[in-house]
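In this note's numbering, the protein residues as written are -16 to 82.
Glycine included, C-beta positions come from ideal geometry on N, C-alpha and C.
Every value quoted in this text rests on a predicted model; they were computed, and no experiment measured them.
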């Protein structure tokens, strides 16, 4: 089963994801007005306990913050996502250009 998220053509499958893909999935699934941890876990297709470990790291790195029971993406988190998208598009462009 495949799903497309907010990153457009980036498709997740049931295959094992690496840490970067999981971090991007979490950040991309946080709404502007905050997201409850259980909803974020479901949207990111992660076990709740696993997601909590990633959230702890993301909070420590100041990519997200937790307030009043919700998770919010920080400016640093938004910049990280934008840079990720830019690099992904650059790689896709160079791959398509050589094909």
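Residue of the options minimising C-alpha distance to residue i
| i | options | result |
| --- | --- | --- |
| residue 7 | 59, 51, 53 | 59 |
| residue 19 | 79, 62, 56 | 56 |
| residue 63 | 29, 51, 47, 21 | 47 |
Rounded C-alpha distance that separates residue i from residue j
| i | j | result |
| --- | --- | --- |
| residue 41 | residue 71 | 21 Å |
| residue 68 | residue 27 | 17 Å |
| residue 86 | residue 13 | Residue numbering for the chain in the displayed model covers -16 to 82; residue 86 lies beyond these limits and cannot be assessed. |
| residue 49 | residue 0 | 24 Å |
| residue 15 | residue 79 | 33 Å |
| residue 22 | residue 2 | 20 Å |
6 Å Cβ shell around residue i - same chain, five flanking residues per side excluded
| i | result |
| --- | --- |
| residue 24 | 31, 34 |
| residue -10 | Residue confidence is low: residue -10 scores 48 on pLDDT, short of 50, so the model does not pin down where it sits. No coordinate-derived value is stated. |
Residues near residue i in its chain [Cβ-Cβ closer than 7 Å; skip 5 each side]
| i | result |
| --- | --- |
| residue 17 | 53, 54, 55 |
| residue 45 | 57, 59 |
Beta-carbon separation (whole angstroms), residue i vs residue j, contact threshold 8 Å
| i | j | result |
| --- | --- | --- |
| residue 9 | residue 37 | 6 Å |
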